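Protein chains in written order, with my numbering: chain A, -2 to 262; chain B, 31 to 520; chain C, 24 to 465. Here the structure is laid out as structure tokens; the discussion comes afterwards.
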Amino acid sequence: MYDLPHARSDVINSDCKISARNVQLYYGDNHAIKDVTANIADKTVTAFIGPSGCGKSTFLRCINRMNDTIDNARMEGTILLDGEDIYDSKVDPVQLRARVGMVFQKPNPFPKSIYDNVAYGPKIHGMVRNRSELDELVERALRRGAIWDELKDRLDEPGTGLSGGQQQRLCIARAIATEPEVLLMDEPCSALDPIATAQIEELIDELRQNYSVVIVTHSMQQAARVSQKTAFFHLGNLVEYADTGQIFTNPQDPRTESYITGRIG
Amino acid sequence: MPLSWILLVIFAIAAAGFWFGTSRVLKSVDQNVRALHSLPSYYGGNVSMWVLVPSLGVLAFWSLAQPLFIESRIAYLLEERMSNQGVTLGLMMTEVRRVADGLDSAVTENVMTTEEARSMRVELTDIRNRLAEVGVALGANVTAPIVHAAQQYHQLSATGNMFKSITVIALALAGLGYALLRTTKDFRARNAVERGILAILLFAAMIAIMTTVGILFSLIFNTLEFFKIYSIANFFFGLEWAPSFSGRGGSSSLSVIPLLWGTFYISIIALIVAVPVGIFSAIYLSEYATPKVRAFAKPLLEILAGIPTIVYGLFALLTVGPMLVTVFGDNTVGWMSGGTAVITAGLVMGIMLIPFVSSLSDDIINAVPQSLRDGSYGLGATQSETIRQVVLPAALPGIVGAILLAASRAIGETMIVVLGAGAAARLSLNPFDAMTTVTAKIVSQLTGDSDFASPEALVAFALGTTLFVLTLALNVLALYIVRRYREQYE
Amino acid sequence: MTDANFTDKDIPNPRSLTKTERRTKRRKAAEKRFRAYGLTAILAGLTFLVILVYSIILNGLPAFQRTVVSIEFTLSAEQFKEAEAALLKTRVYSNYFITSFTDTVNGLGLSSEISSDSIDRIVGKIGGTLRKFYRNNQDKVGQPITFDLPASSLVERYFKETFSRESISESNRFIRAEDLDLVDALADAGIIRQEFNWLFITGVDTGVDNPGGAGIGAAVLGSFMMMTVVLILSLPVGVAASIYLEEFAPKNWFTDFIEINISNLAAVPSIVFGILGLAVFIQFMHFPQSAPLVGGMVLTLMTLPTIIISTRASLKAVPPSIRDAALAVGASKMQAVFHHVLPLAMPGILTGTIIGLAQALGETAPLLLIGMVGFVARYPETILGGFEGPNSALPAQIFNWASRSDAVFVEKAWGGIIILLIFLLSMNIVAVLLRRRFERRW
């Protein structure tokens, strides 16, 4: 069903993992997201682009209800994950976030050892029965995070002592360890140098095989490199959402065109 | 000339100097202010500064040094004459000072003439009655040599005071003359005044150091005196605290161990109360409470920190103590015989420390970056999991620092233990026993009329040194940890 | 949720969002428990506060009431002469009073027999009070005067219901059951009544024979004098030191040393400052004991670090652009600081100073060591002399009363605490208002 070499054509047909309907979000009086409706496909990398303050990060945070932690945020509309409304009052955000993982703009390893950083998620979710299962899981997550070879001998060292790129890959490995279905990435490379960025982008491409990845990025080149679908946000509106190739070669909306040609930003 | 008069004269000279300086420099440029380097008032200010600073400095120094100088001379005289009478020099000097003060006031109130005050003999005049008229009652032990010494004291200080007045006023005038001579239109008066002000500012900042030096001086000097008459080993390693009340040395056992034990025991109970309550309050206030609850509960808790310790002392003695006795006293389980006990003082001290621990921990928890919390929530952790496994471990060094600061507070706290802990020094494990602490014994050994030269009084300074070293070590360690912690997240 | 999920993603995920797993339920319960611990801690803290305030008010309010025996008494000129000529003068005055008192009571138709001892037990030995009054007001001899005499300690407590009839034992030589009968009768007749105790606010300390007459006025004045000294010394010195450290000090080891010094001094136990005051001011410099001047100096040294720390924070809060603006128009650095930065920082400095003063006002331990717990039963004669003479202070007076055995003194100690807390509260309110009024957001 998922014939990866032909991913570009597949995305259109693939399952809809997340479906947002008429999402509105307010910070106090500030209307940050205006009536956004979009479907996000499974096993696809979707990029959100747009100028600063356009609402792309805010929309991303709606998908795993991270905005719940902000006091004056208020959300309307529905977001469905596999057909279930994630804002239903019966839904526990904790269970939701176990399925929708998140990687942040700034690498934020906990002040614990590398091992404990990765083991944290599986432990709180009770995913393993004993230490050897945990060891296995940590190793697998670190391998998938493409960082195992660098760190396998220093698992006891604090995660805060790593370089920026290593920290961010550690955070990705940490997010993978809880076996999410969707991985949200909020400008994961903005604090990194070009080499680390290239490593992360490579990693994102690999993750596509198993996850639905949503990435917010400031860099249009990055969106073009890693994503199959791209959504352009402007002033809280979802202006255009289409295959990445189409957005960058043949944008339908004049605002999208102005942005990708560098006239607004 | 009394001090207030000298000050008045100096300030009058300074005011005149300000006026002279200003008008002199204005005259030199025919009132054309723009031709001056600085504003005219700076020239005046410079003159006033030259009048005030040297003269006031010398005045302060002289006033402090003169009594010391006179006393050493009088003490020398007395020692020669009365070496065999068995009264300590300290007590005699107190009498001499009293009589001399009496003579001073007798002269100012015109009960005696200056001549009388100097030449009166105990045998000839009823000096006792004359002094009683100005409100100085003399004891029976005021003998002829003491009165004589007092007369000399009186005379020396009269002479000294006269020279002091002359010197200080002369210095003020000299400063006036010197500064006026320098007051020309090209003189950079503002820079001079500003240099002077800067020196004053620096001096003010140095007071902190002088305070520390003063503390060290008073502690170390008297502690050394104490160890001259009492063995160091007995002080640090003895197991008994039993000062003799007769006050004449020898028979007292003055060991710090039972006092330190009481101090630590009470502090530990206080921390057992304050640390969990304080930290959980801080967690609730910083992580869970809505802004409204926080705005209401935080200031209310902090009221506990603003209440003076004497209030807590009374609360321990009169409310908590009796309350504990009704629960644990002879009528029920019989564990507690009196209201003053380790548990009483510890409990109340714990209450006092709650806001201390909670507001420090609150600050520290708030300093943990939000990104760590987001990271944890993003993985699906609940709030309590995030707090316990991410926020608290991250804040741990800071919280340890806060607890150390609270411990230092507990060790140095005085009024609660003076009123709530009891007076008996005891090495016991029973928290319902009355015990006493280092601070409580410092108070009891230094209040009352004991002679400062006796080991029973001097031991208080050794206790003070012990206390100072302990709290200083805790503070330095705590401040170091907290500073390191803050730097980590800045 | 087994490991199989990880490798084989093709199987549709069975995890539903709305179906709460058992483990999640457990985690939710743990969450609730943890939250409850926090709430319990807050409530515990607040409960302690409530108990403390409640016991202060419950125990302290009675101090503001007193029981007086209000009786008219006339001393004739012959009696005055006779009494002054007698050997035991106050005894004679007492006897006159007892006779007059008995007459008055009998005149009211209270039939019960009154012994002179009974009167002594109700109003105490008042001969001294009478003699002092008539010696000072000889023109009042021969005129009827109404005396409001404080009732004795146990009568006072009887009225305040802290002492009951049942607890009188046969051997009690301070009160008998029949005395209380008389007291009840006198109260009905309006001779014994309760009134607001102005004397507690304006009065001075008294000896153990007259606990009801003890007042806190002299101690309040003593504290006020000390606070004046603290304010005069600590505000200029604290501000000067802060300006130096914040604006002028070069960054070197010496400045660091001063800073470390200040932060450590802020945490030195207050009793150590008492030792400093005793050794340096009293032993070494021979300043007078028990004097507000010395107390104020000790408290100044203790408060300075607090004031310096808060002043520096206020100075730091003034943005550098203000300094740059002043320097740019040609002001010297000193002028920029004194003309612009300092006035802007002043509200913050004053707030910090008031809080420092409040801390100093309640401090007791150092005062004990410099002898401010002595028995001071008078107001100072002159204002300036008061600073040098022996004086009491509010917290020291409270401590003093608390250590006496008579329950009326203990009640006065609680009353003193109410007065102390009223002062502290008003100082803090002023500080808060000041902060609100001048709060500035840059």
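Glycine is no exception: its CB is placed at the ideal position from the N, C-alpha and C atoms. These figures come from a predicted structure and were not determined experimentally.
Within the continuous beta strand (DSSP E) that includes I46 (chain A), where are the two ends?
Here residue 46 (chain A) corresponds to residue number 49 of the first sequence, with the count starting at 1. Segment V42 to I46, the beta strand (DSSP E) holding I46 (chain A).
Beta carbon of Q88 (chain C), beta carbon of N220 (chain C): below 9 angstroms?
The sequence position of residue 88 (chain C) within the third sequence is 65, counting from 1. The sequence position of residue 220 (chain C) within the third sequence is 197, counting from 1. Against a cut-off of 9 angstroms, the Cβ pair of N220 (chain C) and Q88 (chain C) comes out as a contact.
Any alpha helix (DSSP H) of 4 or more consecutive residues that is wholly inside the stretch 319 to 372 of chain B:
321 to 336, 339 to 345 and 351 to 358
Does the beta-carbon distance from V295 (chain C) to F304 (chain C) come in below 9 angstroms?
As a working note, residue 295 (chain C) is residue 272 in the third sequence. As a working note, residue 304 (chain C) is residue 281 in the third sequence. In this structure, F304 (chain C) does not lie closer than 9 angstroms to V295 (chain C) by Cβ.
Determine, for W276 (chain C), whether the minimum Cβ-Cβ distance to residues of chain B falls below 9 angstroms.
The residue given as residue 276 (chain C) occupies position 253 in the third sequence. Taking Cβ atoms only, chain B never reaches closer than 9 angstroms to W276 (chain C), which makes this a no.
Within chain B, partners of N82 (chain C) - CB distance below 9 angstroms
Counted from its first residue, the third sequence places residue 82 (chain C) at position 59. Simply L344, L348 and T349.
Classify D211 (chain C) as buried or exposed, calling it buried when 16 or more other Cβ atoms lie within 10 Å of its own Cβ.
On the third sequence, residue 211 (chain C) is found 188 positions in, with the first residue counted as 1. With fewer than 16 other Cβ atoms within 10 Å, it is exposed.
Against chain A, which members of the stretch 388 to 416 of chain B pass a CB distance test of less than 7 angstroms?
S401, L402, D404, G405, Y407, G408, L409, G410, A411, T412 and E415
Please identify the residue among A:I15, A:D12, A:N27 and A:A44 whose C-alpha is closest to the C-alpha of A239 (chain A).
Your numbering for residue 239 (chain A) matches position 242 in the first sequence. Nearest of A:I15, A:D12, A:N27 and A:A44 to A239 (chain A), Cα basis: A:A44.
How is H231 (chain A) classed by DSSP in three states: helix, strand or coil?
The residue given as residue 231 (chain A) occupies position 234 in the first sequence. Three-state DSSP puts H231 (chain A) in a strand.
Leaving out five residues on either side along the sequence, give the residues of the same chain with a beta carbon under 8 angstroms from the beta carbon of E203 (chain A).
Taking the first sequence and counting its residues from 1, one reaches residue 203 (chain A) at position 206. Closer than 8 angstroms at Cβ, skipping near neighbours: R141 and A143.
Boundaries of the alpha helix (DSSP H) in which G244 (chain B) is found, first to last residue:
Translated into positions along the second sequence, residue 244 (chain B) becomes position 214. It spans A219 to I259 - the alpha helix (DSSP H) in which G244 (chain B) sits, taken as one unbroken run.
Between S297 (chain B) and the rest of its own chain, which residues show a CB-CB distance below 7 angstroms, the 5 nearest in sequence each way excluded?
As a position in the second sequence, residue 297 (chain B) is number 267, starting the count at 1. Once the five neighbours on either side are set aside, the close Cβ partners of S297 (chain B) are A437, A440 and I441.
Given that A424 (chain B) touches chain E, what residues does it touch there, using C-beta distances under 8 angstroms?
Going by chain labels, chain E is absent from the structure shown, which instead holds the protein chains A, B and C.
Three or more C-beta pairs below 8 angstroms linking the stretch 272 to 288 of chain C and the stretch 421 to 434 of chain B
no
Please identify, using Cβ separations under 8 angstroms, the residues of the stretch 113 to 131 of chain A that lie next to chain B, in order along the chain.
Y117, G118, I121 and H122
Does the beta-carbon of D79 (chain A) have 16 or more other beta-carbons within 10 angstroms, so that it is buried, or is it exposed?
Mapped onto the first sequence, residue 79 (chain A) falls at position 82. Buried, since its Cβ has 16 or more Cβ neighbours within 10 Å.
With H, G and I counted as helix, E and B as strand and the rest as coil, what does DSSP make of H28 (chain A)?
On the first sequence, residue 28 (chain A) is found 31 positions in, with the first residue counted as 1. The answer is strand: DSSP assigns H28 (chain A) an E or B state.
Taking only three categories from DSSP, how would you classify Y402 (chain C)?
Along the third sequence, one-based indexing puts residue 402 (chain C) at 379. The answer is coil: DSSP assigns Y402 (chain C) none of H, G, I, E or B.
Nearest CA to the CA of I287 (chain B): which residue from B:I337, B:F247 and B:N264?
Counting from one through the second sequence, the residue named residue 287 (chain B) turns up at place 257. Among B:I337, B:F247 and B:N264, the Cα nearest to that of I287 (chain B) is on B:N264.
Give a yes or no on contact between the stretch 367 to 379 of chain B and the stretch 341 to 359 of chain B, applying the rule of three or more CB pairs nearer than 8 angstroms.
yes
Which of helix, strand or coil DSSP assigns to T90 (chain C)
Mapped onto the third sequence, residue 90 (chain C) falls at position 67. In the structure shown, T90 (chain C) sits in a strand (DSSP, three-state: E or B).
Under the assumption that I406 (chain C) contacts I239 (chain C) (Cβ atoms under 8 angstroms), give the Cβ distance between them as a whole number of angstroms.
As a working mapping, residue 406 (chain C) is identified with position 383 in the third sequence. As a working mapping, residue 239 (chain C) is identified with position 216 in the third sequence. With 8 angstroms as the limit, I406 (chain C) and I239 (chain C) do not qualify as a contact, their Cβ atoms being about 19 angstroms apart.
Would you report the Cα separation of F29 (chain C) and N207 (chain A), rounded to the nearest angstrom?
Taking the first residue of the third sequence as position 1, residue 29 (chain C) is located at position 6. Taking the first residue of the first sequence as position 1, residue 207 (chain A) is located at position 210. Here the model assigns F29 (chain C) a pLDDT of 40, short of 50, so the residue's position is not dependable and the matter cannot be decided.
Using a C-beta cutoff of 9 angstroms, does T362 (chain B) count as contacting chain C?
In the second sequence, the residue the question calls residue 362 (chain B) occupies position 332. Not closer than 9 angstroms to any Cβ of chain C, the Cβ of T362 (chain B) fails to qualify, so no.
Give a yes or no on whether the minimum CB-CB distance between K471 (chain C) and chain A is below 9 angstroms.
This structure gives no information on residue 471 (chain C), because the portion of chain C shown stretches from 24 to 465.
How is the alpha helix (DSSP H) around F277 (chain C) delimited, first residue to last?
As a position in the third sequence, residue 277 (chain C) is number 254, starting the count at 1. Unbroken alpha helix (DSSP H) run through F277 (chain C): W276 to L288.
In chain B, what lies closer than 9 angstroms to K226 (chain A) by C-beta?
Your numbering for residue 226 (chain A) matches position 229 in the first sequence. The contacting residues do not exist; K226 (chain A) stays about 23 angstroms from chain B at best.
In this structure, how does DSSP classify A483 (chain B) when only helix, strand and coil are distinguished?
Position 453 of the second sequence, counted from the first residue, corresponds to residue 483 (chain B). In this structure, A483 (chain B) counts as coil in the three-state DSSP scheme.
Going by the beta-carbon positions, is the gap between G233 (chain A) and C51 (chain A) smaller than 9 angstroms?
The residue given as residue 233 (chain A) occupies position 236 in the first sequence. The residue given as residue 51 (chain A) occupies position 54 in the first sequence. Yes, these two residues count as a Cβ contact at 9 angstroms.
is_contact[I433 (chain B), chain C] using C-beta, thresh 9 angstroms:
Here residue 433 (chain B) corresponds to residue number 403 of the second sequence, with the count starting at 1. Not closer than 9 angstroms to any Cβ of chain C, the Cβ of I433 (chain B) fails to qualify, so no.
Would you say E81 (chain A) lies against chain C (beta-carbon separation less than 9 angstroms)?
Counted from its first residue, the first sequence places residue 81 (chain A) at position 84. True, the Cβ-Cβ gap to chain C drops below 9 angstroms.
When the cut-off is 9 angstroms and only beta carbons count, does G98 (chain A) lie next to chain B?
As a working mapping, residue 98 (chain A) is identified with position 101 in the first sequence. So yes, G98 (chain A) belongs to the interface.
Given this structure, state the Cα-to-Cα distance separating L256 (chain C) from R171 (chain A), to the nearest angstrom.
Locating residue 256 (chain C) in the third sequence gives position 233, where the first residue counts as 1. Locating residue 171 (chain A) in the first sequence gives position 174, where the first residue counts as 1. Approximately 59 angstroms, taken between the alpha carbons.
DSSP beta-bridge partners for M72 (chain A)?
Sequence index remark: in the first sequence, residue 72 (chain A) carries index 75 (1-based). Note: M72 (chain A) sits in a beta bridge opposite A:L22.
Determine the chain B residues that contact V211 (chain A) at a beta-carbon separation under 9 angstroms, and present them in chain order.
Looking up residue 211 (chain A) in the first sequence gives position 214. Correct list: empty, because the minimum Cβ distance to chain B is about 13 angstroms.
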